[in-house]
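Beneath this line is the structure, given in structure tokens, with notes to follow.
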Amino acid sequence: MKPLIIVFIISALYLSYQLIRSRRPKHWLIVSSSLSLAVIVSFQFLGGVFLIPTESMYPTIKPGDLVIAQRVGGLFDHRAIRRGDVLVFNAPSVPGVYYVKRVLGIPGDTVTYNEEKIFSINGKQNGNQIKKDGFTTQYQADTDTAGQSYIFQTDNRIGYVKTGKKWIIPEGYYFMAGDNRDHSLDSRYWDNPPGTPRNLRGLIPHDSLVGRVNFRIVNLGFLARGDSGDRSIKQRQQPHQR
1 MKPLIIVFII SALYLSYQLI RSRRPKHWLI VSSSLSLAVI VSFQFLGGVF LIPTESMYPT
61 IKPGDLVIAQ RVGGLFDHRA IRRGDVLVFN APSVPGVYYV KRVLGIPGDT VTYNEEKIFS
121 INGKQNGNQI KKDGFTTQYQ ADTDTAGQSY IFQTDNRIGY VKTGKKWIIP EGYYFMAGDN
181 RDHSLDSRYW DNPPGTPRNL RGLIPHDSLV GRVNFRIVNL GFLARGDSGD RSIKQRQQPH
241 QR
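At the far end of the sequence shown sits residue 242, using the UniProt record's numbering, and the numbering has no gaps.
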């Protein structure tokens with residue numbers, strides 16, 4: 001997932017170049033350059049707009065959705081990260097690539113994952129089954145924000161993929177997972193850079209957090225990728241898809 005801020009940066013550079021070349025700058029150049037600069041500054045301190053390319057967060061976020069993410073630690077972000085937050089971040093195992101996932105584990109938590117493809121946080125099962133058909137099983141889970149819940153799902157056609165079964169989350173790290181469990185590359189599978197202590201593998205450091213997803217603007221389905229999620233369950237060794 002790549003932020004649209006790149007488009008604005010390129011536009012700002014181009015418009016600035018045109019302003020420098022022009023002896024009598026046109027009003028539209030001045031306005032456009034100012035707007036582009038404002039967008040860049042806003043992203044650094046307030047947040048940004050992101051295009052979601054895959055189904056890894058389905059049904060919460062659909063392929064082609066444009067979402068607004070409030071900058072973590074920005075001017076208007078004054079609360080701690082909570083379980084259930086949907087975050088944009090950089091995964092250490094794939095530098096330069098933005099991901100969007102849900103926070104399942106925060107510092108101090110113990111996260112476990114079993115062969116039924118169910119997470120438990122501090123011994124409590126994450127979610128209760130609400131629907132099952134030939135293809136998917138859906139669950140509803142609460143967040144740490146009062147009155148808010150979400151739906152996630154597993155794919156009944158895909159078996160359990162062996163992964164870690166227990167993570168103890170240290171200070172400054174988070175455990176992330178996609179709502180479309182069997183089509184998500186997340187903390188279960190990430191390999192952090194060489195030399196990372198074994199107990200930190202797959203976890204996301206606070207410094208890698210970019211934004212907290214707050215709003216969905218519109219769906220631009222024609223811009224979505226053709227695959228069903230972060231990657232096929234049979235392609236677990238290909239780390240650069242997201």
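A virtual CB, placed ideally from N, CA and C, is assigned to each residue, including glycine.
Contact under 8 angstroms by Cβ, residue i with residue j
{"i": "G159", "j": "S56", "result": "no"}
{"i": "Y113", "j": "T163", "result": "yes"}
{"i": "F50", "j": "V103", "result": "no"}
{"i": "G84", "j": "D144", "result": "yes"}
{"i": "V210", "j": "V72", "result": "yes"}
{"i": "D155", "j": "D182", "result": "yes"}
{"i": "N192", "j": "L185", "result": "no"}
{"i": "I169", "j": "V100", "result": "no"}
{"i": "I68", "j": "G47", "result": "yes"}
{"i": "W190", "j": "G172", "result": "no"}
Residues sharing a beta bridge with residue i, DSSP
{"i": "A141", "result": "Y150"}
{"i": "I168", "result": "T110"}
{"i": "F135", "result": "F135 pairs with nothing; no bridge assigned."}
{"i": "P205", "result": "Y173"}
{"i": "V103", "result": "M176"}
{"i": "R216", "result": "V67"}
{"i": "N192", "result": "None; N192 has no bridge partner."}
{"i": "K162", "result": "In the DSSP output, where bridge partners are listed per residue, K162 has none listed."}
{"i": "K124", "result": "I121"}
As assigned by DSSP and simplified to three states, the class of residue i
{"i": "Q114", "result": "Checking the sequence, you will find Asn at residue 114 rather than Gln. N114: coil per DSSP, three-state reduction."}
{"i": "G211", "result": "strand"}
{"i": "F222", "result": "helix"}
{"i": "D186", "result": "coil"}
{"i": "N90", "result": "strand"}
{"i": "G96", "result": "coil"}
{"i": "L29", "result": "With a pLDDT of 48 at L29, under the threshold of 50, the modelled position of that residue is not reliable, and no figure is offered here."}
{"i": "R83", "result": "coil"}
{"i": "R157", "result": "coil"}
{"i": "N199", "result": "helix"}
{"i": "A38", "result": "In this prediction, A38 has a pLDDT of 49, which is less than 50 and means its spatial position is unreliable; what the coordinates show is noted afterwards. A38: helix per DSSP, three-state reduction."}
Terminal residues of the beta strand (DSSP E) in which residue i lies
{"i": "I121", "result": "119-121"}
- Touch test, the region 173-190 against the region 49-65, Cβ-Cβ under 8 angstroms, three pairs minimum: yes
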